[in-house]
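Residue numbers (our numbering), protein chains in the order written: chain A, 1 to 519; chain B, 1001 to 1245.
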């Protein structure tokens, strides 16, 4: 019991141990902040990776595969599958209103079913909003007003159409439209801290930004250029088609927002010659028509080439983010595909060749890179944090020397060697606990306000540490994970105990008589 | 270790042929050269000697704070018997227990813990003698006992003061209360008035006399004849040997 009394008294009467606690606090805070940001980065990467691809993808790139409607029907009949949707992915060129032409990933999707499988609708940028962004002090965001217009644009975005006034009558005409990543056009220029002002702007030659009247979903049009291939993978002539902009999307993942364009599935199928087509043979010689004239014999229809898609995206009923849940669903999908391939043998890719990938498989390279980077950074910072152990050791060594007489007194009144060692270890643990708690407080404050801090640094010092073009995301992510925090706090306490161990053993080994005579 | 009550004629403590040698580099310095001493229950024994005579070393050995030399064929058997146990042969754990429960120390320089209050300086000795749960269960009782002891030594009004706020005499009274808190069989005092003025020293000796009258067995080490005169019996130590009367 005397160990608790002395620990409490030493803690409140000495400055030196508080310095040790401060060292533990700073090291603990540092590791928690790093782990939270890197962990948040990983979580956001995973979530964003899933946002637009669903849980499992059946993929046969470039040429695509046929009878996908039947596959989707079979998949949706499975109790573990919530929905499935066909898509086509291809690279192409986009001609933008400002005259630029960019290389982009073009995705052909079926709006209604795609929104069931992915969170596409949530990512649509042009929609009515009631409260401005905290940084939009002057309420410049055009989405705050004219909600009727933005409701139309939002609905159009979900279906990849733009509603336009008809030349005659009152019924709006639906034109197949494109949904661009919010950073594709160049009109939505993000502030350094990740905020899109909701007002289109154009960069001037002198580097300044000038508001422009162009609102792409209202009056913008883009040209999509793709290179179709035949079923053997041979390129056919380039195909170009203009699309009005139906909406823009903001996934938060810069690489996607900068390089992706959605257009209706049927449009892309037509452009890539992947739509349903009749196979015909040239007519045989000359024949007589109904009017009695000689004409060339018409082509004979000899079969039908069914429509093809490159991907079928599947969403499971489980909401789990665990890899195992996606793996289980991938197994179910593979099993369904095996039967499908058997039934359509020769018409669809064999089950041994088709690619069935989970959301994690598709982002594995990036996810694994971030995981390894997280582990490496944590290792380095934990190693750096070991300085706290030596700091505690040095301070405790000095304190044991200073308190030599106290140790002699304790031994004289009957304290055992282990009791004396326990006093110093308990003291070390208390320093560690205090440091860990303070460190957690610092880390919590930093992590929960990391974007505000970053913004402040940018405004006051011009220091933008987090460049979204480099780090993919528009905001600094963070994930204060309870398990990670517990591990770091326990580590901080143990590190402090470790630092106190040697001085504690030294104190325990002291001869009581020599300790009492110490001056 | 079996420590049982004994009658008043049986020595509580018996040191036989006790030797202590310090090693100073290559030099062996014999401090005690075969000391024999008995202390009976209720007795007040003064160990009188000049500086360097080995009297403090002897007190440390009697109190289990230091270890005596092991017996050899040349020096013959040695022992420090407390009741039926030989301190020389006790394990460290048993010696700790001996210091916790059977003896109380009073030092010349008081040796109080500066961060603790007067009351805490006394109760901490009780804490060492009890397990955590036992202390927790009896903490009110312990505090009351410590307060009563401090009241008895005249410091009832100073319970929450720190040692730095006390005079030398008051500090020594706290040290005496601490030594008594576990109701020890034996009170060992090393020059208890050596750091005090005459008047204060006399008051401390009066306190010792009162304790002795109450039946407390005491061994006081001193170089002062007047202090020794208060004892029932004086053992004179010269150059590490007991001088015959």
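C-beta atoms are modelled at their ideal positions from N, C-alpha and C, and glycine is treated no differently.
Best match in the options for proximity to residue i [C-alpha to C-alpha]
i                      : options                           : result
residue 1087 (chain B) : B:1074, B:1188, B:1172 and B:1018 : B:1018
residue 410 (chain A)  : A:65, A:148 and A:514             : A:514
residue 336 (chain A)  : A:80, A:46, A:17 and A:33         : A:80
residue 1162 (chain B) : A:13, A:254 and A:39              : A:13
residue 1220 (chain B) : B:1021, B:1037 and B:1044         : B:1044
residue 1117 (chain B) : A:130, A:443 and A:6              : A:6
residue 1254 (chain B) : B:1033, B:1023, B:1015 and B:1053 : Nothing about residue 1254 (chain B) can be read from this structure; chain B reaches only from 1001 to 1245.
residue 229 (chain A)  : A:285, A:182, A:310 and A:293     : A:310
residue 485 (chain A)  : A:452, A:499 and A:437            : A:437
residue 1211 (chain B) : B:1153, B:1061 and B:1137         : B:1153
residue 148 (chain A)  : A:140, A:163 and A:393            : A:163
residue 1166 (chain B) : B:1100, B:1190 and B:1196         : B:1196
residue 512 (chain A)  : B:1047, B:1028, B:1057 and B:1049 : B:1057
residue 1144 (chain B) : B:1169, B:1182, B:1168 and B:1112 : B:1182
Residue burial classification, residue i (beta-carbon count within 10 angstroms, cutoff 16)
i                      : result
residue 167 (chain A)  : exposed
residue 386 (chain A)  : exposed
residue 59 (chain A)   : buried
residue 1216 (chain B) : buried
residue 137 (chain A)  : exposed
residue 482 (chain A)  : exposed
residue 176 (chain A)  : buried
residue 424 (chain A)  : buried
residue 1187 (chain B) : buried
residue 1228 (chain B) : buried
residue 516 (chain A)  : buried
residue 37 (chain A)   : buried
residue 1066 (chain B) : buried
residue 1013 (chain B) : buried
residue 265 (chain A)  : buried
residue 1173 (chain B) : buried
residue 1184 (chain B) : buried
residue 288 (chain A)  : exposed
Delimiting residues of the beta strand (DSSP E) encompassing residue i
i                      : result
residue 131 (chain A)  : Looking at the DSSP string, residue 131 (chain A) is not in any beta strand (DSSP E), and its letter there is neither H nor E.
residue 1218 (chain B) : 1217 to 1222
residue 1096 (chain B) : Segment 1092 to 1101 is the alpha helix (DSSP H) holding residue 1096 (chain B); no beta strand (DSSP E) there.
residue 1190 (chain B) : 1186 to 1190
residue 311 (chain A)  : 311 to 316
residue 244 (chain A)  : 239 to 249
residue 221 (chain A)  : 221 to 226
residue 256 (chain A)  : Premise fails: residue 256 (chain A) lies in the alpha helix (DSSP H), 254 to 259, not in any beta strand (DSSP E).
Start-to-end residues for the alpha helix (DSSP H) that takes in residue i
i                      : result
residue 291 (chain A)  : Note, residue 291 (chain A): premise wrong, no alpha helix (DSSP H); not H, not E.
residue 337 (chain A)  : 323 to 343
residue 1074 (chain B) : Where residue 1074 (chain B) is concerned, there is no enclosing alpha helix (DSSP H), given that its DSSP letter is neither H nor E.
residue 1120 (chain B) : 1118 to 1129
residue 98 (chain A)   : Neither: residue 98 (chain A) is in no alpha helix (DSSP H) and is coded neither H nor E.
residue 445 (chain A)  : 417 to 448
residue 512 (chain A)  : 512 to 517
Bridge partners - residue i, DSSP secondary structure assignment
i                      : result
residue 33 (chain A)   : Residue 33 (chain A) is not bridged to any residue.
residue 277 (chain A)  : A:305
residue 1241 (chain B) : B:1238
residue 164 (chain A)  : A:173
residue 1046 (chain B) : B:1220 and B:1234
residue 1209 (chain B) : None, per the DSSP bridge assignment.
residue 1033 (chain B) : B:1019
residue 83 (chain A)   : A:315
residue 299 (chain A)  : DSSP lists no partner for residue 299 (chain A).
residue 1011 (chain B) : B:1040
residue 1085 (chain B) : B:1082
residue 263 (chain A)  : A:108
With contact counted as at least three CB pairs below 8 Å, one residue from each stretch, are the stretch 208 to 225 of chain A and the stretch 149 to 161 of chain A in contact?
Counting Cβ pairs under 8 Å, three or more are found: they touch.
Using 8 Å as the Cβ pair cut-off and three pairs as the minimum, do the stretch 100 to 119 of chain A and the stretch 340 to 347 of chain A touch?
Touching, no, given that fewer than three Cβ pairs across the two stretches are closer than 8 Å.
Using 8 Å as the Cβ pair cut-off and three pairs as the minimum, do the stretch 49 to 60 of chain A and the stretch 350 to 360 of chain A touch?
Touching, yes.
Cβ contact (3+ pairs, closer than 8 Å) linking the stretch 85 to 103 of chain A and the stretch 179 to 187 of chain A:
Three or more Cβ pairs closer than 8 Å define a contact, and the stretch 85 to 103 of chain A meets that threshold against the stretch 179 to 187 of chain A.
Under 8 Å: do the stretch 137 to 148 of chain A and the stretch 121 to 129 of chain A share three or more Cβ pairs, one atom per stretch?
Judged by Cβ distances under 8 Å, the stretch 137 to 148 of chain A makes contact with the stretch 121 to 129 of chain A, as three or more pairs qualify.
Is the stretch 1229 to 1237 of chain B touching the stretch 1030 to 1047 of chain B in the sense that three or more CB pairs, one from each, lie closer than 8 Å?
Taking a contact to require three or more Cβ pairs closer than 8 Å, the stretch 1030 to 1047 of chain B and the stretch 1229 to 1237 of chain B qualify as touching.
Looking at C-beta atoms only, is the number of pairs between the stretch 1197 to 1211 of chain B and the stretch 1120 to 1138 of chain B that lie closer than 8 Å three or more?
Touching, no, given that fewer than three Cβ pairs across the two stretches are closer than 8 Å.
Indicate whether the contact test is met: 3 or more Cβ pairs, each with one atom in the stretch 71 to 89 of chain A and one in the stretch 500 to 514 of chain A, closer than 8 Å.
No: fewer than three Cβ pairs fall under 8 Å.
Would you check if the stretch 10 to 25 of chain A and the stretch 273 to 285 of chain A touch, i.e. whether three or more CB-CB distances between them fall below 8 Å?
No contact exists between the stretch 273 to 285 of chain A and the stretch 10 to 25 of chain A.
Any 3 or more C-beta pairs closer than 8 Å across the stretch 490 to 506 of chain A and the stretch 24 to 33 of chain A:
Note that the stretch 490 to 506 of chain A touches the stretch 24 to 33 of chain A; at least 3 beta-carbon pairs, one per stretch, sit closer than 8 Å.
Taking one C-beta from the stretch 407 to 421 of chain A and one from the stretch 1128 to 1147 of chain B each time, how about it: are there three or more such pairs within less than 8 Å?
With contact defined as three or more Cβ pairs closer than 8 Å, the stretch 407 to 421 of chain A and the stretch 1128 to 1147 of chain B are in contact.
Count Cβ pairs between the stretch 234 to 247 of chain A and the stretch 217 to 226 of chain A that sit closer than 8 Å; are there 3 or more?
A contact exists between the stretch 234 to 247 of chain A and the stretch 217 to 226 of chain A.
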